[in-house]
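A short write-up of the structure that comes next.
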Amino acid sequence: MLLRVILSLAVAVVGAQVTRKLYKFVHWHFFSAFRHIPGPPNPSWIRGNFGSLTLAKTQEWQAQYGPTFKFHTLFSATELYTIDTAALHRIVNLSEIYQKAPLVRTRLSSLLGQGLLIAEDEEHTKLRKIMSPAFGPSQVRGLTQLFIDKSLELSEFWAGRPTEIDGWARIDVMVGLKGMALDVIGLAGFNYHFNSLDETKSPTELDGAFQQVFVQITSKNIGPFIRARFPITRFFLPHSKKLTDARKTMDRIGLQLLQDAKAQTLLGEKDYDRRDVLSLLVKSNMSEDISESQRLSDTVVIAQLPTFFVAGHETTSTATTWALYALAMHPEVQTTLRTELLSMGTDAPSLDALNGLPYLERVVREVMRLHSPVLFTNRMAMQDDILPLGTPYTDTRGVQHNSIFIAKGQMIWVPIAGLNRDPRIWGPDAAEFKPDRWDNVPEAANAIPGVWAHLFSFLGGPHNCIGWRFSLAEMKSLLYILIRTFEFELAVSPVKITTVSTAVQRPVVIGEEDKGPQLPMRVRRVQG
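Using mature numbering (1 follows the signal peptide of the UniProt record, and there is no 0), the letters of the sequence shown map in sequence onto residues -16 to -1, 1 to 512.
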């Protein structure tokens, strides 16, 4: 009898949700202002254009429909795509209106806890206020020697690889770069030794937990999104046991690290040299200048650890991987950069010295423009709004519009890579790697609402990437050491390198997709 009641309730709830979705679909089809916005046809009521959301395909759509158009996601939900800088400026700066969707936040919180990536409104403001000092210029300047030391350790790791007669070694550079970045985020983030580049030691328990979380984040399985959209399905589609175990491990070790940081903070001046983000976060959180209502709970502080890992580990290692790819594809750029770096008479440059190298700066900017690790994000309108457009669109009836009415609940695709490669801004060679373009930045690039260098790679507004200085300093340190030490060539034909796009854009070898993301290169010590 009880089972029959439960089944009846389940059927009723599912039926109500399906009816609601059908109503919204029919209402949109006949009444929504979006119905006349141009865009690609919907190939499937269930998947929509979801399977086509690659950088290459969306750029085809940009060329066909213009900078603003619509497409369909799962269950034919309509999403707005725009690289219009006037629209994006409003979207990233009005965080009280445009936020991560509850669906996305539910998914991320199940993986990361209540970290900065999930927070909105007052909670986000509170977190940023307490965390910002840990990512400020002086803090990053103090971490630069760690970045250099770990870069030197990586160079020694690669120098020990078996070589051919002519001195070249075949290396999947992604492996070493990920290990180096993991070691850095462990030490700089929460004073934890992963020892990823030490082959005599086994991976740590926390490493395994973090990797499991990242596997879930980069998975293309739509099951988690179905669970988030239809809560009742959580009874039939439970979370992975591996993920559950990983979260328990992160919470347990995170609590230990937090307790250690608190104990060391209470020592005051005796432990002044502790500069990891967690310790600085604890100090800031315990400051007398912070009111009780503004202090973070232990649960929220611990939740920042997997956030540090996801935001600061894969993104930097992936960006540097693409930097080595670009330099291998353009040996003349690699040679010019090496000449500049070798002109420095030290293996331990300061951050100011790194930032004072003009060609290194141009190369890093061009890598982050052309190979932004994160391709996109999205936002949901929390209330009705009018979105201004710098470039009007012409609807399917031939009527021109200078703005778009955005209804509460409307999803908007924010194309980071699409804006960085927009030929209307960067010219017809926008898809080419040309560091010298930074000698004369186009006037139109000033309209890009990014926090750094006329680019959208770190977003902008209140939700810009809090660790952008950290990431750039680490990337410059890596390139400084690696390009001074090694020459780089691709170990496979360039036509065999493609990308897999999940949480970040990573390279894969065609025909070797089962090996996952990789970038095999030929690496040799600089001659002479």
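Here a beta-carbon is modelled for each residue, glycine too, at the ideal position from N, C-alpha and C.
Bear in mind that the values here come from a model prediction, so they are computed numbers and not experimental data.
May I ask you to report which of helix, strand or coil DSSP gives Val199? helix
Opposing strand residues paired with Ser387 [DSSP bridges]: Answer is Pro372.
Would you kindly work out how many angstroms separate the C-alpha atoms of Met366 and Glu272, rounded to a whole number? 35 Å
Under 8 Å, do Leu262 and Leu241 count as touching if we go by C-beta distance? yes
Within 10 angstroms of its Cβ, does Lys134 collect 16 or more other Cβ (buried), or is it exposed? buried
Whose C-beta lies closer than 6 Å to the C-beta of Gln288 among residues of the same chain, with five residues either side of it excluded? Gly99
Name the one or two DSSP bridge partners that Ile155 has. Met505
Mind checking whether Ile114 and Ile286 have CB atoms under 8 Å apart? In this structure, Ile286 does not lie closer than 8 Å to Ile114 by Cβ.
Helix, strand or coil for His314, going by three-state DSSP, please let me know. coil
Tell me, to the nearest whole angstrom, how far the beta carbon of Leu166 is from that of Asp182; I am working on the premise that it is less than 8 Å. Between Asp182 and Leu166 the Cβ distance is about 12 Å, and since that is not below 8 Å, they are no contact.
Strand pairing of Arg490, partner residues [DSSP]: Val484
Using a Cβ-Cβ cut-off of 8 Å (strictly less than) and excluding sequence neighbours within five positions of Ile132, which residues of its own chain qualify? Sequence-distant Cβ neighbours of Ile132 in its own chain, meaning closer than 8 Å and more than five residues away, are Asp331, Ala332, Pro333, Ser461, Tyr464, Ile465.
So, Pro376 versus Tyr65, is the Cβ gap smaller than 8 Å? no
Alpha carbon to alpha carbon, how far is Ile75 from Asp68? Straight-line measurement puts the Cα of Asp68 at about 11 Å from the Cα of Ile75.
Quick check: Gly154 and Pro426, are their CB atoms within less than 8 Å of each other? In the sequence as displayed, the identity of residue 154 is Arg instead of Gly. Cβ distance not < 8 Å, so Arg154 and Pro426 don't count as in contact.
Could you check which residue in Ile30, Ala71, Leu456 has the C-alpha nearest to that of Arg363? Ala71
Burial state of Ile149 (16 or more Cβ within 10 Å): exposed
Looking at the strands, I want to know which residues DSSP matches up with Val398. Thr361
For Thr147, collect the residues of the same chain with a Cβ closer than 8 Å to its Cβ; drop the 5 residues on either side in sequence, then sort them by chain order. Ala153, Arg508
When DSSP labels each residue in this structure, what does Gln83 get in the three-state scheme? strand
Assign Leu64 to one of three DSSP states: helix, strand, or coil. strand
State the DSSP-derived secondary structure class of Phe417, mapped to helix, strand or coil. coil
Please work out which residues of its chain come closer than 8 Å, Cβ to Cβ, to Ile370, disregarding the five sequence neighbours upstream and downstream, and give them in chain order. Within the same chain, Ser387, Ile388, Phe389, Ile390 come within 8 Å of Ile370 by CB-CB distance, once the 5 residues on both sides are set aside.
Exposed unless 16 or more other CB atoms sit within 10 angstroms - verdict on Glu458: buried
Residue nearest to Thr469 in terms of C-alpha spacing, selected from Lys418, Thr109, Arg322, Ala295: Arg322
DSSP-derived helix/strand/coil call for Tyr377: When DSSP states are grouped into helix, strand and coil, Tyr377 belongs to the strand group.
Start-to-end residues for the beta strand (DSSP E) that takes in Glu473: 470 to 474
If you compare alpha carbons, which of Leu308, Pro446, Ser93, Thr319 is closest to residue 580? The chain is shown only over -16 to 512; residue 580 falls outside these bounds and no answer can be derived.
Could you check what DSSP says for Asp255 in three-state terms: helix, strand or coil? Legend: pLDDT at Asp255 = 47, less than 50; position of this residue unreliable, no value from coordinates given.
Which listed residue (Val493, Ala303, Ser277) has its alpha carbon closest to that of Leu359: Ala303
Just to check my reading of the structure: Lys185 and Ser301 have Cβ atoms closer than 8 Å, yes? What is that Cβ distance to the nearest angstrom? In this structure, Lys185 and Ser301 do not form a Cβ contact; the two beta carbons are roughly 19 Å apart against a cut-off of 8 Å.
Would you identify the three-state DSSP class for Leu37, choosing helix, strand or coil? coil
Output needed for Asn179: all residues of its chain with C-beta closer than 8 Å, excluding positions within five of it in sequence on either side, in chain order. Asp167, Lys185, Thr188
From the DSSP output, in three-state form, read off Trp452 for me. helix
Please work out which residues of its chain come closer than 6 Å, Cβ to Cβ, to Ala431, disregarding the five sequence neighbours upstream and downstream, and give them in chain order. Thr69
Whole angstroms are fine: how far does the CA of Ser28 sit from the CA of Pro121? 49 Å
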